[in-house]
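In what follows, a single structure is set out as structure tokens and then discussed.
Protein chains: 2
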Amino acid sequence: MTPPIAVGLSAVIVAADGRAPYALATQHADGAAGLPHGRFDPKGHRTFELGLREWVRAQTGFEPGYVEQLYTFGDLGRELPQAELGDAPSGARLISVGYLGLTPERTDISAFDAVWRDWYRHFPWEDHRAGRPALIDQTLAPALRAWAARGGRQDATRLARLQLAFGLDGQPWVEERTLERYELLYEAGLATEANRERDRKPFPLPVSALGEPMISDHRRILATAIGRLRGKIKYRPVVFELMPERFTLLELQKVVESLLGLSLHKQNFRRSLDRSGLLVGLGQTTQATGGRPAELFRFRREALREGNVSGVQTPRS
Amino acid sequence: MTPPIAVGLSAVIVAADGRAPYALATQHADGAAGLPHGRFDPKGHRTFELGLREWVRAQTGFEPGYVEQLYTFGDLGRELPQAELGDAPSGARLISVGYLGLTPERTDISAFDAVWRDWYRHFPWEDHRAGRPALIDQTLAPALRAWAARGGRQDATRLARLQLAFGLDGQPWVEERTLERYELLYEAGLATEANRERDRKPFPLPVSALGEPMISDHRRILATAIGRLRGKIKYRPVVFELMPERFTLLELQKVVESLLGLSLHKQNFRRSLDRSGLLVGLGQTTQATGGRPAELFRFRREALREGNVSGVQTPRS
DNA sequence: CCACTTTATGCTCAAGATGAGCACAAGCAG
DNA sequence: CTGCTTGTGCTCATCTTGAGCATAAAGTGG
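Note that the protein sequences, when read in sequence, are chains X and H. In short: position in the first sequence from 1, add 1, done, that's the numbering used here. In short: position in the second sequence from 1, add 1, done, that's the numbering used here.
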């Protein structure tokens, strides 16, 4: 007799302002954070996406706009612990389909047990806007190298993976590799979730370095979302799904920077936008910025219909 | 009582030579082609990927190398018809996880009911190596435009989608949009599969224009694979998974061209490879090419460990 | 009003990448 | 030897990119 299969739908709903990118999160009893999620209903849900929207709405009162599928996780041992299964038949095999959603404003969701959380709380090593975080080389790298050294024959492979993922030993930091980095930490037992599931003691490193865990495999899904979004803004004009109707170039840059976790070269950033034809100047200015008033721009949605589908360039500073 | 869920695993296993790209396909009773596939076993399969490998092996005697997940389809109405379900509980809701696999050689699979099929038999409009196929503008476009015109209020949207997808009215042809094109044909009732499922008569256009259908949603999965691969070879060195150990630059170019369905500028193609550092010249030459002997090259696998992970440039001719 | 800070924006310059194509090399077939 | 076929080197104009200087236009404290 094969066990039944249950499909979980989880959503990473992203919003951003100049300071940080946020993911919509639910608060759980023990203080743990989770993503809005629920079970796919084979009877009631015609498509995954419709099911997902329903769950997000129910749990956060929020109606997501742009949505795309991320990945489907099915490996044994990393699914939802039994207790959180809700109405799933016990003993069911759990599969997890992750989605990414984008929204221009952090809607008020206070009526629900939901909050907008700065995603770097879960991934402190991912934010390089103020330079490479010290915790990578001071805390994570030593622990990871020790793990690699324990690998015996896999040694070289592990070390090479670390170098590429975390930009060690002269390798450049590649911001899209968020999932690879998280998976390495997980494999090395440095993700709290890994120890929870293997029934081991937590690793003796502070949360400030390891990041806050999330329930189930939600941090993995969040990592997937971050990596995907970081890659995608470069070749599709998706950042604009996160922007208000009118914005200044610096506001746009700050949002891009917060997503990438990098700081960009200002003049070149605006030059590339100029040439992209994605924006229209509104002729108005705002003085809210502190210095010289900045011109307001609007995303030319028509550009999408014109086949002008490149994203924004990201000239590192 | 909610119906049970069954998960189908399907694989697009790709090989290529100078003439065409091939997908590993199984032959079905009525002559219809399908992808190697089978049900995910919640008990026996620790991960999707392991399950998939098992099914491919069983159905084709073939052991895939490089494998990556493509997409998970779950919409009602496009899954496997009941008859092909095999051992699934009847009335089950079917979910389909597609995978892409790459292999350097077309292994002998004649002992099984499997063949390597030129994927353009299923997508004749996708091969632009000898110029834009006449069937697009002569046969498909008129039928698609008629469908768009029937759209009432969606008219403009439909037309814009067509223009972008098929490069109509001055829009450029973008080779990665394989799935978009197939989905448009499906929506317009021009994919044989659509009529099969809606119980309608087939569209009065020849297979030579509409492409050969496949069982279940396999053509959709194949389209996803083609689009993904076409995009990926540009930013990851994945073509080399399709090449033999030693090859000439023209052989490589022909493979890339066959995948993209485009012809490339020869001198610039080789220049970009020169600079990429992905290849090593072996100092040997082969005369198998017909003209002047060509130098043989090998992929520098070490490049992967060096973070040199760009793909190959594709300078159109 | 002035010096000074802050943000906005224009512009230059060198280096590199890209698109297009000419020219010559080195086999083979007659 | 001639002509055909593929392979390979190289040029040249044009764009793109990375880096940074310089000026504009607000606000602030004297």
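Don't be surprised by glycine CBs; every beta carbon is placed ideally from N, CA and C.
Please state whether DSSP places residue i in a helix, a strand or coil.
i      : result
H/W69  : Per the sequence presented here, residue 69 of chain H reads as Glu, with Trp not at that position. Note: H/E69 maps to strand in three-state DSSP.
H/H266 : coil
X/I227 : helix
H/L103 : strand
H/R221 : helix
X/Q158 : It should be noted that the sequence gives Thr, not Gln, for residue 158 of chain X. X/T158 falls in the helix class under three-state DSSP.
H/S11  : strand
H/V310 : coil
X/R178 : helix
X/Q288 : coil
X/F241 : helix
H/A84  : With a pLDDT of only 44 at H/A84, under the threshold of 50, the placement of this residue in the model should not be trusted, and no figure is reported.
H/F167 : helix
X/G278 : coil
X/D138 : helix
X/A93  : coil
X/E296 : strand
H/L305 : helix
X/A16  : strand
H/I6   : strand
H/A34  : strand
H/R272 : helix
H/R79  : coil
X/L185 : helix
X/R40  : strand
H/R247 : strand
Alpha carbon to alpha carbon, how far is residue i from residue j?
i      : j      : result
X/G66  : H/D114 : 45 Å
H/R301 : H/F241 : 10 Å
H/A144 : H/P207 : 12 Å
X/M215 : X/I227 : 15 Å
X/L136 : X/H46  : 44 Å
H/R44  : X/T3   : First, the residue type needs correcting, since residue 44 of chain H is Lys and not Arg in the sequence shown. The alpha-carbon atoms of H/K44 and X/T3 are separated by roughly 6 Å.
H/Q28  : H/A21  : 20 Å
X/R40  : X/G291 : 48 Å
H/P245 : H/L77  : 41 Å
X/E64  : X/D156 : 47 Å
H/G284 : H/T108 : 28 Å
H/A150 : X/D18  : 41 Å
X/S209 : X/P134 : 11 Å
X/R272 : X/L279 : 12 Å
H/D42  : H/G52  : 7 Å
H/R146 : H/L163 : 8 Å
X/T61  : X/E55  : 10 Å
H/K267 : H/K235 : 16 Å
H/R317 : X/V281 : 31 Å
X/L260 : X/L230 : 8 Å
Could you give the residue range of the alpha helix (DSSP H) that holds residue i?
i      : result
X/V57  : 49-61
H/V257 : 250-261
X/W148 : 142-150
X/V208 : 208-211
I'd like the span of the beta strand (DSSP E) that includes residue i, first residue to last.
i      : result
X/Y23  : 22-28
X/T315 : Looking at the DSSP string, X/T315 is not in any beta strand (DSSP E), and its letter there is neither H nor E.
X/W126 : Taken as a continuous stretch (DSSP letters only), X/W126 belongs to no beta strand (DSSP E), as it is neither H nor E.
H/D119 : 115-119
Compute the beta-carbon to beta-carbon distance between residue i and residue j, rounded to the nearest angstrom, for a pair I have assumed lies under 8 Å.
i      : j      : result
H/A24  : H/R178 : At roughly 19 Å, the Cβ-Cβ gap does not stay under 8 Å, so H/A24 and H/R178 are not in contact.
H/A93  : H/A7   : 4 Å
X/G32  : X/S97  : About 22 Å; that fails the 8 Å criterion.
X/P238 : X/G312 : 6 Å
X/L297 : X/R247 : 5 Å
H/V257 : H/L250 : Contact flag wrong, Cβ pair sits at about 10 Å.
H/A26  : H/V116 : 6 Å
> Below 8 Å, can you find three or more Cβ-Cβ pairs linking the segment 14-31 of chain X to the segment 98-111 of chain X?
Replying inline: yes
> Is the segment 216-226 of chain X close to the segment 186-200 of chain X, with three or more CB pairs under 8 Å?
Replying inline: yes
>> Can you confirm whether the segment 158-174 of chain X touches the segment 303-313 of chain H when touching is taken to mean that 3 or more C-beta pairs between the two stretches lie within less than 8 Å?
In response: yes
> Is there contact between the segment 115-127 of chain H and the segment 177-192 of chain H, where contact requires at least three CB pairs shorter than 8 Å?
Replying inline: yes
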